[in-house]
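What follows is a single structure, written as structure tokens, with notes after it.
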Amino acid sequence: KKLGLLLRTMSAAQQPQQQQLGAAAAVEEEATVGSYVVGSFPVQYGYDQAGVASVNGVGVGAMSSSSGVAGASAAADEKPRILVMGMRRSGKSSIQKVVFHKMSPNETLFLESTCKIQKDEVSDCSFIQFSVWDVPGHIDYMNDVFDANDTFSSTGAIVFVIDAQDEYIDAIDRLKVLVSGAYSVNPKIKFEVFIHKVDGLSDEQKIETQCDITQRANDVLIDIGNGNEVINIHYHLTTIYDHSIFEAFSKVVQKLIPHMGAFESLLNIFCNNSGLEKAFLFDVATKFT
């Protein structure tokens, strides 16, 4: 009898606690109702909304929503674009295959000439996502078919490839036409010249070739800027047979990273506090620094 009385007393004491827990759960459930549906993330948890549409505060799976697809498409269009341009057989496609497709340099000997624009979406870089366009050498940049206004207005950088082992007078003339047209559409474009295939040159020839190309290019480009404004073009000696092509492309991509200054400041602070002379950030996937 005492045991039965004790059990009934404990049961009666637990009932108010169970009622309180039940009421709290009901309040919590009521608070989350409408904030998410099955198959979507809770809106208030701060997930990336690039693939999630929101209607009246209710998350909707973007894979089944046309608005979500449109949002993803808009996000893709906002990626910085790098155009790789130059004369035929200058090595544009080889650069793209080695840097972004991990192709062996020796395999590029069997690549055919590019007949149409080849686009690569680079989404595995830790620092920034961007797209790379390999533009065939025979395309007229100022032709209506090319649509220079639309192309250059959305471009962050132009890489112009010059074959250092070939006659480059025509290439410099083509560079002038390109820079003039692109700059008139988008003055913010970064212009980079890859003096390519220098693996077949001696150190002395590399220096002479770079100086000659730089001087000739600057002479024909000095009158393109508005008034006293001078267009800045940066030159890089490159080859696909060593690290120089990755280093050059790294410098191009660095200029498109919106928070590059913050990265540099953090590395400087790290060096100062650790007694280091230099520190580098490497992206393993792309080998960019």
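Residue numbering for the sequence shown follows our numbering, beginning at 14 and increasing consecutively. Glycine included, C-beta positions come from ideal geometry on N, C-alpha and C. No experiment lies behind these values; they were computed from the predicted model shown.
Helix, strand or coil at residue i [DSSP, three-state]
i, result
"D160", "coil"
"K129", "coil"
"F140", "coil"
"L294", "coil"
"V243", "coil"
"E91", "coil"
"V145", "strand"
"E180", "coil"
"G288", "coil"
"L167", "Going by the sequence as given, residue 167 is Ser instead of Leu. Coil."
"N199", "coil"
"L214", "coil"
"S86", "Residue confidence is low: S86 scores 45 on pLDDT, short of 50, so the model does not pin down where it sits. No coordinate-derived value is stated."
"K115", "coil"
"I220", "helix"
"D225", "helix"
"D232", "helix"
"G194", "helix"
"I237", "coil"
"G150", "coil"
"V50", "Note that V50 scores 41 on pLDDT, short of 50, meaning its location in the model is unreliable and no value can be drawn from it."
"D186", "helix"
"I258", "helix"
"I108", "helix"
"F283", "helix"
"G59", "For G59, the predicted model reports a pLDDT of 39, less than 50, meaning its position is unreliable; a value from the coordinates is still stated below. The answer is coil: DSSP assigns G59 none of H, G, I, E or B."
Bridge-paired residues (DSSP) for residue i
i, result
"Y248", "V206"
"K99", "Sequence check: residue 99 is Gly here, not Lys. V174."
"E120", "According to DSSP, E120 bridges with nothing at all."
"V266", "V266 is not bridged to any residue."
"F301", "D296"
"E134", "S144"
Neighbourhood of residue i by C-beta distance below 6 Å, restricted to the same chain and skipping five residues each side
i, result
"G213", "Q178"
"K203", "A170, K268"
"V266", "F301"
"W146", "L96, I130, K132"
"I270", "F140, I141"
"L280", "A292"
Proximal residues to residue i (C-beta, below 7 Å), its chain only, five neighbours per side dropped
i, result
"Q142", "K92, V135, S136"
"F276", "L294"
"R101", "S126, G150, H151"
"Y254", "P118, D212"
"I235", "V243"
"D153", "F159"
Option nearest residue i by Cα separation, candidates the options
i, options, result
"V174", "S215, Q223, D160", "Q223"
"F123", "S106, Q131, S215, V112", "S106"
"D176", "F301, P200, K210, P271", "K210"
"H151", "N162, K129, T164", "K129"
"I244", "N156, F207, S197", "S197"
"H114", "K291, F259, D183, I246", "F259"
"V111", "T252, N285, V233, I226", "T252"
"F301", "V206, V233, M273, F262", "F262"
"G274", "V190, T121, F140, N286", "F140"
"I208", "M116, H272, Y181", "Y181"
"I185", "S257, E290, S103", "S103"
"K219", "N199, L250, R229, N162", "L250"
"K264", "D153, H272, H247, D216", "H247"
"R187", "I226, H272, S257", "I226"
"D183", "K201, N156, N199, R229", "R229"
Close-in-space but distant-in-sequence residues of the same chain around residue i (CB under 8 Å, 5 per side omitted)
i, result
"I237", "K189, V192, S193, Y196, I244"
"C284", "E290, K291, A292"
"E120", "K110"
CB contact below 7 Å: residue i versus chain B
i, result
"Y181", "No chain B is present in this structure, which holds just one protein chain."
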